[in-house]
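A.B. asks: In our numbering, the protein residues as written are 891 to 1006.
To start, I am sharing the structure in question, which I have written as structure tokens.
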Ligand SMILES: [Zn+2]
């Protein structure tokens, strides 16, 4: 299952970040997911609730932001409207998908640290 391995990746990266910061707990994890990543937010959240067990992520909340896919011209950077042909209206070359449109990234992790 796609969401399960993504959730494991999020937990793994968060655990590393929490260790580096010497955090005692993780409060919230902010994710950004591209529209074309094919990720189901609900499935990701329930997978996360399973894999976080026994880690410092236990009790942390996932905050997921979905971003719409967007295309632009790689040469003149003109944005291509959604629904329009995926070609630059000026130079005619194929439009390029924004690089985070099919990706999942961790934007920010809210940690609980001693003495702050
Ligand atoms: Zn162009």
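Cβ atoms here follow ideal geometry from the backbone N, Cα and C, with glycine treated the same way.
(1) What do you reckon, are the CB atoms on residue 924 and residue 991 nearer than 8 Å?
(2) What is the DSSP secondary structure of residue 962, counted as helix, strand or coil?
(3) Is it the case that the Cβ atoms of residue 941 and residue 1001 are separated by a distance below 8 Å?
(4) Is it the case that the Cβ atoms of residue 892 and residue 944 are separated by a distance below 8 Å?
(5) Can you give the Cα-Cα distance for residue 926 and residue 909, rounded to whole angstroms?
(6) I need the boundaries of the alpha helix (DSSP H) containing residue 936, first residue and last residue.
(7) By DSSP, does residue 995 sit in helix, in strand, or in coil?
(8) What whole-angstrom Cβ distance do residue 1067 and residue 988 have, given they're in contact under 8 Å?
(9) Would residue 963 and residue 947 qualify as a contact pair, given that the criterion is a beta-carbon distance under 8 Å?
C.D. replies: Judging by the given coordinates:
(1) Locating residue 924 in the chain shown gives position 34, counting from the first residue. Locating residue 991 in the chain shown gives position 101, counting from the first residue. Yes, the Cβ-Cβ distance between residue 924 and residue 991 is below 8 Å.
(2) By one-based count along the chain shown, residue 962 stands at place 72. In the three-state reduction of the DSSP assignment, residue 962 falls in the strand class.
(3) Here residue 941 refers to the residue found at position 51 when the chain shown is read from its first residue. Here residue 1001 refers to the residue found at position 111 when the chain shown is read from its first residue. No, the Cβ-Cβ distance between residue 941 and residue 1001 is not below 8 Å.
(4) Residue mapping note: residue 892 aligns to position 2 of the chain shown, counting from 1. Residue mapping note: residue 944 aligns to position 54 of the chain shown, counting from 1. Not closer than 8 Å, so no.
(5) For this step, residue 926 is matched to residue 36 along the chain shown. For this step, residue 909 is matched to residue 19 along the chain shown. Rounded to whole angstroms, residue 926 to residue 909 spans 32 Å at the Cα level.
(6) Here residue 936 refers to the residue found at position 46 of the chain shown. Where residue 936 is concerned, the enclosing alpha helix (DSSP H) stretches over 931 to 941.
(7) On the chain shown, residue 995 is found 105 positions in, with the first residue counted as 1. Strand, per DSSP.
(8) Given a span of 891 to 1006 for the chain in the structure shown, any question on residue 1067 remains unanswerable.
(9) Here residue 963 refers to the residue found at position 73 of the chain shown. Here residue 947 refers to the residue found at position 57 of the chain shown. For residue 963 and residue 947, no; Cβs fall outside 8 Å.
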